[in-house]
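Top line first, the protein sequences correspond to chains B and P.
Numbers in this note's numbering are just positions in the first sequence, counted from 1, shifted up by 5.
Numbers in this note's numbering are just positions in the second sequence, counted from 1, shifted up by 5.
The C-beta atom is built at its ideal place from N, Cα and C for all residues, glycine as well.
Protein chains: 2
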Amino acid sequence: MFKQITPNEIKAYSKEKLNVLCDTLRKTIYDTVMRCGGHLASNLGAIESTVALFYVFDFPNDKIVFDVGHQCYAYKLLSGRGDRFDTLRQAGGISGFPKRTESEYDSYDTGHAGTSVSAAIGLAKARDLQGENHHVIAYIGDGSFNNGLVYEALNSLRIFNTNVLIVLNDNGMSISPTVGGMSDVLTGIKEERSPEGIRLLESFGLKYMGVKDGNDVEEMIDALQDAKELLKNGSVLLHIATKKGKGYEFSEDHPTNTHGVPPVGSPKEREYSEVLGESLCELAEKNNKIAVVSAAMKEALGLSEFFVKYPERAFDVGICEENAAVLCASMAAGGIKPYYAIYSTFLQRAFDEIIHDVCAQDFGVTFCIDRAGISGADGETHQGVFDLSYLSLIPNLTVAVPKDTEELKKMLEFSATYPHPLAIRYPRAGKVIFPSTTPFAFGKWEYLNKTVETSKITVIATGERCLIIAMKVLQVLQEQGKSFDVVNARFVKPLDVEFIRNIQSETIITLEDNVFLGGFGSMVNGECIRMNKRCNIKNFAYVDTFIPQGSISALQSEYGVNCKEIQAYIEQVLE
Amino acid sequence: MFKQITPNEIKAYSKEKLNVLCDTLRKTIYDTVMRCGGHLASNLGAIESTVALFYVFDFPNDKIVFDVGHQCYAYKLLSGRGDRFDTLRQAGGISGFPKRTESEYDSYDTGHAGTSVSAAIGLAKARDLQGENHHVIAYIGDGSFNNGLVYEALNSLRIFNTNVLIVLNDNGMSISPTVGGMSDVLTGIKEERSPEGIRLLESFGLKYMGVKDGNDVEEMIDALQDAKELLKNGSVLLHIATKKGKGYEFSEDHPTNTHGVPPVGSPKEREYSEVLGESLCELAEKNNKIAVVSAAMKEALGLSEFFVKYPERAFDVGICEENAAVLCASMAAGGIKPYYAIYSTFLQRAFDEIIHDVCAQDFGVTFCIDRAGISGADGETHQGVFDLSYLSLIPNLTVAVPKDTEELKKMLEFSATYPHPLAIRYPRAGKVIFPSTTPFAFGKWEYLNKTVETSKITVIATGERCLIIAMKVLQVLQEQGKSFDVVNARFVKPLDVEFIRNIQSETIITLEDNVFLGGFGSMVNGECIRMNKRCNIKNFAYVDTFIPQGSISALQSEYGVNCKEIQAYIEQVLE
């Protein structure tokens, strides 16, 4: 276990001891991530700068906002959380991201990219308005620096007339290598061939400073001390060149693979992303109009092969979720068939563009939405439990949920000739394949189990996870000689209204891997009321709260989709 | 009526005839806007550059994307829509924004800010992939140029490796004067004191060109011809200095007041924005923690006085809706009480930040959401009919809808000490004041009409417009000796569950100024099902489609909240 030291002890450390501390942090982080999973490379690269920040600044009086927040492990270890660090990303344990509720050292929660500069400005302004005088720091990677929100924040620096320190940790990578104009500018500065890049950044009203080796703790301390001095007169951008994955050879050489690491020993399952990648490659071979857009996540989304095979039709725009959506809409306007692959919660960033650009113009853009439903250990900011709600409210948008990876493949085949907006949402892991009972068709549901006579109960479930629950309960009850009907609601929008009308059961139960409000069950309720269907309805969906980190199945149970409760409810109705 | 000319005729015009054409366009636009309402100043400023674009380029073969789209009137007049231009912004008439369904000259629909550069890149890439060779132009104002989406698009220019022309129409204004770092850069370039500003823009991979007077049609033609030449080898940014409102003295001097102009003769009513401004000033006088943030709309939102009285606590961040949301969250994290005033559809841009920054951290930020519900003549992109749905699905967020301007005041007073996220949504015009029957309290509904015995019908309506409909129908029926109960559902979230439980009527009717999906009626349905309430429910809300331009009351009726149908339904139940 990491031997806890206090921030004051760090300030008294010699150079040698600081370097030893960095080594200890590196080992602790590596070992913990190997056991608990988590972000490895980004955290290894941020160790020296974090130690230097503790040396120069006074946390928690001074405030720091970590952009995305996936590089805060050293910060957590140094701010009194060493004793609990072995609970990283576990239920009830230390979060993999900053959490105000976890420690007074965490000033602002993050999880998505690009918020840190705005957040630092807001914290600094609050400080000024209340006559306080601590320092406020935004710690941001070059990948996040592509995000439009950062530009908006830089734009407002002069308006807010306050002083913040922006530490730009530039390792040339986000999850994928950083791309685009701003990245070129930063590289130009680092390579000392672009002094105008510095003027560019300074034109927003801040002073530029550079550190050649942000993994050198002494160099970092010197620079931060200078920056602290400059902060008295205005905002400062401290641009530090670091090595993502610093200190562990495997990680240094493969920073993409080690950005997020599963715990050692996880079972290897077929992921939906693999099927996505394979299917899109097959479709693209037959149809040269097909293009793929990703926002800095091509590997995790299964698109590596597509990018190699069809480089002229594959676009990674960096962490620019909004831009990616508009690019899809406009490529569709020009006759191309775009696929936008993204994680569920990151797509929230493009909500307006889905409405305004894709759906209002009714373009044939397909959204391939991974990590939908509860995603587990990353916690509140990464639980994809809102997408059925925020997508289904949008006119012209079809929302599909495959029952398994095979059905994802069918949906993608269908999408290739579907000329309207389509969203397909699925979790990471595919675990089972359900035998299909009817051919796949637009808007049509199917029975996965149908009793010959009218069943008292029909369970309508959407998505693999909920169908697994339904089928498990069915199996148990069938062993007791009981049964109920199970429906695969593979389209959430449009609902299969005809199917609902024909259900003769006294009780309908809905299951979904999404919040109740505005979600699948809510839509089924609305349809039943509209058609004046006289039956009991029971909705199982997530309750109206932010769902913390934990194991997926435990969180499902705890927050509203509980296998035992569902079984108990069904048994009670069948009695 | 404007005498229609063809794009080819323009190309043959002499300098004199071009200037006469500009004068004619100016007069036509002015007269039409005075009669139909619409955007005046931005359109007057864009006339000469639009004429020059027709002179140099070949529409509709060449494609143009107007950012926001509120400066496209001259373009519409010159592209065969002169004969219908007197129907501007009327039901079934010419849209105030580009509309692909209206003309082949409109390549891409807009309405919100910042999408044009991404859209042009997408259109250009589609062109390249299909071996076509037309030109693609983004026409964008300096106000929109603040938006993060533009930065994301510039960032991806090199990734897409395609050629677009960006015409940056710089009049120093958005709806309010343009603010922030990028605006300073542009001003520096215009005033010839900042050559590094040019290098800044060029660092994204485009060639910079400037035009000193973008209202000089000849100068514009020369520059566009040069730009067309440069386009062969890469993307071009043509920065043109124009005068917003050019040519009409009143408009030139008061571009903010004439950005959007109501038709002459509209009745002058008390607007919710006035009440917002007054109330926030009163609250700020008593509480020095209160701050206000606006995204380039302070006047339209009623905040002018606040900005004058409390300049140190009033922030206009430009068209940066996301940034504004994070600034509110972080100021709240620092102990300030922020109010974010914005139009309903523009807030869609900050959807992820509402979730990720404000609500996940449970900050006491208040969203003051104007132009909620159908907003009328601006059409699809401006109908605020999604907010009840996309807000109510977010945990920790309270969603309130005042029954009139007096209740908005009470809600704002309540908000001052409410430590959690709060959204208050209201339309532009306040028309009536309803007598309150019970004191205002968090989460509590009230009867506006209650029969002594149990009424067969209870109408639950949310917001002034729907309550007006309910009370109108009530009045008609009371004259026939009939009655029903009317409820003011001033909180949509949380629903007043106790109130719903106590309703004894056989039939509950919900009315809302929002789409059905995920909205108020949908939530009431869910609650009734959960509490196993055995009654009939009928929901009146907007159908699942994009609602075009028209008069507010006509659109309400046509798209699902129809006074006559509601009356007929009630009469039928009461029979």
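Buried/exposed call for residue i, threshold 16 Cβ in 10 Å
i	result
D36(B)	exposed
S19(B)	exposed
V370(P)	buried
H259(P)	exposed
A546(P)	buried
P432(B)	buried
G565(B)	buried
R506(B)	exposed
K249(P)	buried
K8(B)	exposed
T443(B)	exposed
N151(B)	buried
M336(P)	buried
P400(B)	buried
N66(B)	exposed
E317(P)	exposed
I69(B)	buried
Distance between residue j and residue i (C-alpha atoms, nearest Å)
i	j	result
L402(B)	L500(B)	12 Å
N493(B)	A466(P)	35 Å
A475(P)	C568(P)	8 Å
E196(B)	G202(B)	11 Å
N537(B)	A334(B)	38 Å
A129(B)	F71(B)	15 Å
L332(B)	Y348(B)	17 Å
Q388(P)	G215(B)	47 Å
G74(B)	L49(B)	13 Å
V122(P)	V169(P)	8 Å
S84(B)	G555(B)	23 Å
I359(B)	C471(P)	28 Å
E257(P)	L206(P)	29 Å
M39(B)	S284(B)	32 Å
G185(P)	L236(B)	20 Å
P553(B)	G381(B)	8 Å
S47(B)	G193(B)	22 Å
K212(P)	M187(B)	16 Å
Whole-number beta carbon distance between residue j and residue i, since they are thought to touch under 8 Å
i	j	result
I171(P)	L82(P)	Contact flag wrong, Cβ pair sits at about 23 Å.
V502(B)	E458(B)	Between E458(B) and V502(B) the Cβ distance is about 24 Å, and since that is not below 8 Å, they are no contact.
L229(P)	L26(P)	At roughly 16 Å, the Cβ-Cβ gap does not stay under 8 Å, so L229(P) and L26(P) are not in contact.
G42(P)	R94(P)	6 Å
F489(P)	V464(P)	6 Å
The ligand COA heavy atom lying under 7 Å from the CB of residue i
i	result
V404(B)	With respect to the ligand COA, the structure shown offers nothing to examine, as it has no ligands at all.
- chain B contacts made by the segment 517 to 550 of chain P, where a contact means CB separation under 9 Å: Residues of the segment 517 to 550 of chain P with a Cβ closer than 9 Å to any Cβ of chain B, in chain order: V520, F521, L522, G523, G524, G526, S527, M528, N530, G531, C533, I534, R535, N537, N541, I542, K543, N544, V548, D549, T550.
- Message: Which residues of the segment 58 to 87 of chain P have a Cβ closer than 7 Å to any Cβ of chain B? Give them in chain order.
- Response: If the cut-off is 7 Å between Cβ atoms, the segment 58 to 87 of chain P has nothing near chain B.
- Item | Unbroken stretches of the alpha helix (DSSP H), 4 residues or longer, contained in the segment 41 to 68 of chain P | Scanning the segment 41 to 68 of chain P from its first residue to its last, the whole alpha helix (DSSP H) runs of 4-plus residues come out as 46 to 50, 52 to 61.
- Positions along the segment 353 to 386 of chain P whose CB lies within less than 8 Å of some CB in chain B: Taking 8 Å as the Cβ-Cβ cut-off against chain B, the residues of the segment 353 to 386 of chain P that qualify are Q353, R354, F356, D357, E358, I360, H361, D362, C364, A365, Q366, E385, T386.
- Message: Report the start-end ranges of each beta strand (DSSP E) in the segment 225 to 251 of chain B that is 3 residues or longer and not cut off at the edges.
- Response: Whole beta strand (DSSP E) segments, 3+ residues: 240 to 246.
- Residues in the segment 424 to 436 of chain B having any Cβ partner in chain P nearer than 8 Å: The residues in question: there are none.
- Message: Output needed in chain order: residues of the segment 101 to 119 of chain P with a Cβ under 7 Å from some Cβ in chain B.
- Response: Contact annotation: in the segment 101 to 119 of chain P, residues whose CB is within less than 7 Å of a CB in chain B are R105, S112, Y113, D114, G116, H117.
- Query: Got a sec: which bits of the segment 156 to 188 of chain P sit with their beta carbon under 7 Å from any beta carbon on chain B, in order along the chain?
  - Reply: Under the 7 Å Cβ criterion, the segment 156 to 188 of chain P contributes Y156, E157, A158, L159, N160, S161, L162, R163, I164, F165, V184, G185, G186, M187.
- Item | Near-chain P residues of the segment 13 to 45 of chain B - C-beta to any C-beta below 7 Å | Taking 7 Å as the upper bound on Cβ-Cβ separation, chain P lies near no residue of the segment 13 to 45 of chain B.
- What residues in the segment 295 to 325 of chain P bring their beta carbon closer than 8 Å to a beta carbon of chain B? Listed by position along the chain: A296, E317, R318, F320, D321, V322, G323, C325.
- Task: For the segment 328 to 349 of chain B, enumerate the residues whose C-beta is nearer than 9 Å to any C-beta of chain P, in chain order.
- Result: Those residues of the segment 328 to 349 of chain B that come within reach of chain P (Cβ to Cβ, closer than 9 Å) are N328, A329, A330, V331, L332, C333, A334, S335, M336, A337, A338, G339, G340, I341, P343.
- Item | Short-range partners of chain P found in the segment 207 to 220 of chain B, where Cβ spacing is below 7 Å | Taken in chain order, the members of the segment 207 to 220 of chain B whose beta-carbon sits within less than 7 Å of a beta-carbon on chain P are S208, F209, G210.
- Query: What alpha helix (DSSP H) runs, 4 residues minimum, are completely inside the segment 143 to 227 of chain B?
  - Reply: With a minimum length of 4 residues, the continuous alpha helix (DSSP H) runs that stay inside the segment 143 to 227 of chain B are 153 to 165, 186 to 195, 200 to 207.
- Query: In chain order, which beta strand (DSSP E) runs of at least 3 residues are fully inside the segment 296 to 369 of chain B?
  - Reply: Taking only runs of at least 3 residues, the beta strand (DSSP E) segments lying wholly in the segment 296 to 369 of chain B are 319 to 321, 342 to 348.
- Going along the segment 134 to 152 of chain B in order, which residues come within less than 8 Å of chain P, judged by CB to CB distance? The segment 134 to 152 of chain B vs chain P, Cβ under 8 Å: L134, Q135, N151, N152.
- Message: Report the start-end ranges of each alpha helix (DSSP H) in the segment 404 to 482 of chain P that is 4 residues or longer and not cut off at the edges.
- Response: DSSP runs (the alpha helix (DSSP H)) wholly in the segment 404 to 482 of chain P: 410 to 420.
- Message: Can you pull out the residues from the segment 478 to 500 of chain B whose beta carbon lies closer than 7 Å to at least one beta carbon of chain P?
- Response: Under the 7 Å Cβ criterion, the segment 478 to 500 of chain B contributes no residue.
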